[in-house]
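In my numbering, the protein residues as written are 21 to 335.
Backbone N, C-alpha and C define an ideal beta-carbon position, used for all residues, glycine too.
To start, the structure itself, in structure tokens.
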Amino acid sequence: MLFIHYYDLLKSNKCSIEVIGAKREHEKMYQLLRKYAPGHPVVGPAFSSRFLRIFNGIGKISVAFVLDMGAFLSFVGENFVIFLTSLLHPLSIRFGAIVKNVEEAGVRAMPIVALTSFLIGVVIAYQGAVQLEKFGANIFIVDMIGISVTRELAPLITAIVVAGRTGSFYTAQLGVMKITEEIDAMSTMGFDPHRFLVLPRIMALMIALPLMIFFADIIGIAAGMFISHIHLHLSYAEFIHRLQTILEVKHVWIGICKGPFFAWLIAAVGCFHGFQVSKSTESIGRYTTISVVNAIFLVIACDALFSVIFTELGI
21 MLFIHYYDLL KSNKCSIEVI GAKREHEKMY QLLRKYAPGH PVVGPAFSSR FLRIFNGIGK
81 ISVAFVLDMG AFLSFVGENF VIFLTSLLHP LSIRFGAIVK NVEEAGVRAM PIVALTSFLI
141 GVVIAYQGAV QLEKFGANIF IVDMIGISVT RELAPLITAI VVAGRTGSFY TAQLGVMKIT
201 EEIDAMSTMG FDPHRFLVLP RIMALMIALP LMIFFADIIG IAAGMFISHI HLHLSYAEFI
261 HRLQTILEVK HVWIGICKGP FFAWLIAAVG CFHGFQVSKS TESIGRYTTI SVVNAIFLVI
321 ACDALFSVIF TELGI
């Protein structure tokens with residue numbers, strides 16, 4: 021192969037080449053190697069070639085998925101250990117960074133969460149009212165709105181909005197720090213990037229998301245009450261009285277308690293992909309997109325798991 025490489029190199033430079041003293045078996049070996057040398061692909065059936073390319077692509081995707089999953093689990097495990105050690109040593113927690121991230125992830129996200137929750141409440145109330153009005157069961161619109169919003173819709177929709185807004189922000193922010201080598205500089209100076217960059221973001225979102233879910237509960241129920249009053253002529257007093265009767269505190273707590281788990285997934289995925297950004301600005305956009313998609317998928321999967329668990333427990 022070395023002979024073929026230099027032979028082609030000299031030919032490309034328009035040099036005159038003459039092979040002297042080669043035996044017959046050497047010539048046969050040369051012809052065989054030349055047939056399979058780079059730049060001379062093996063010609064085979066088209067179906068076989070396409071078949072191999074398909075399996076090759078599936079194999080590459082599978083290997084990449086396994087490697088990414090292993091790296092993500094390692095990332096989560098490392099940050100979970102740091103989280104536990106920080107709880108045992110509260111003075112090591114950067115409360116200033118947590119407060120700043122709570123403001124960024126929670127307070128500034130309130131308008132979009134309020135708008136989304138209001139629209140969800142309107143849609144649920146209106147669609148339910150159309151069906152319940154046919155059977156004269158107008159009052160049961162309160163049951164549907166109260167339980168569905170507090171248990172499922174408010175936590176899930178809020179988490180999806182936060183995944184798209186805050187999760188992508190975390191990825192882009194850490195990605196820029198990775199490109200400008202700020203993270204490498206922190207490591208060189210002896211500062212743990214996970215403790216100083218990742219942990220405050222995770223803890224801030226774990227504080228902010230449950231509060232946003234409770235806020236979304238109020239907005240969603242208020243929107244449903246407003247539509248019920250307009251479409252079904254259900255008075256506000258009747259709505260509130262029925263809501264107090266059917267809405268148990270456990271439904272509200274179930275929705276709120278999902279918040280820290282959703283927050284952990286969103287923040288961990290966002291920070292993980294931020295650390296994956298390479299030395300190009302193009303990778304920021306690519307990993308930001310991957311971060312949002314993965315975070316939303318994990319949130320929905322986690323919510324489905326909670327639904328199965330709560331159903332089996334009879335909660």
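For Thr-309, the enclosing alpha helix (DSSP H) starts and ends at 302 to 333.
Shortest Cα-Cα distance from Gln-151 to any of Phe-326, Thr-301, Glu-302, His-251 involves His-251. The C-alpha of Gly-290 lies about 15 Å from the C-alpha of Pro-280.
The continuous alpha helix (DSSP H) containing Lys-120 extends over residues 115 to 125. In the structure shown, the three-state DSSP call for Gly-187 is helix.
Counting every other CB atom within 10 Å of its CB across the protein chains shown gives Glu-47 a total below 16, marking it as exposed. When secondary structure is reduced to three states using DSSP, Leu-267 falls in the coil class, being assigned neither helix nor strand.
Beyond the five residues adjoining it in sequence on each side, Lys-198 comes within less than 6 Å, by CB distance, of Val-297 in the same chain, given in chain order. With a contact defined as Cβ atoms closer than 8 Å, Ala-125 and Ala-288 miss out at about 14 Å. The C-alpha of Val-319 is placed about 34 Å away from the C-alpha of Glu-153. Contact between Met-226 and Phe-216 fails: their C-beta atoms lie close to 17 Å from each other, not under 8 Å.
Exclusion of the five residues before and after Pro-220 leaves Arg-114, Ala-117, Ile-118, Asn-121 as the residues of its chain whose Cβ lies within less than 7 Å of its Cβ. Of the other Cβ atoms in all chains shown, fewer than 16 fall within 10 Å of the Cβ of Thr-265; this residue is therefore exposed.
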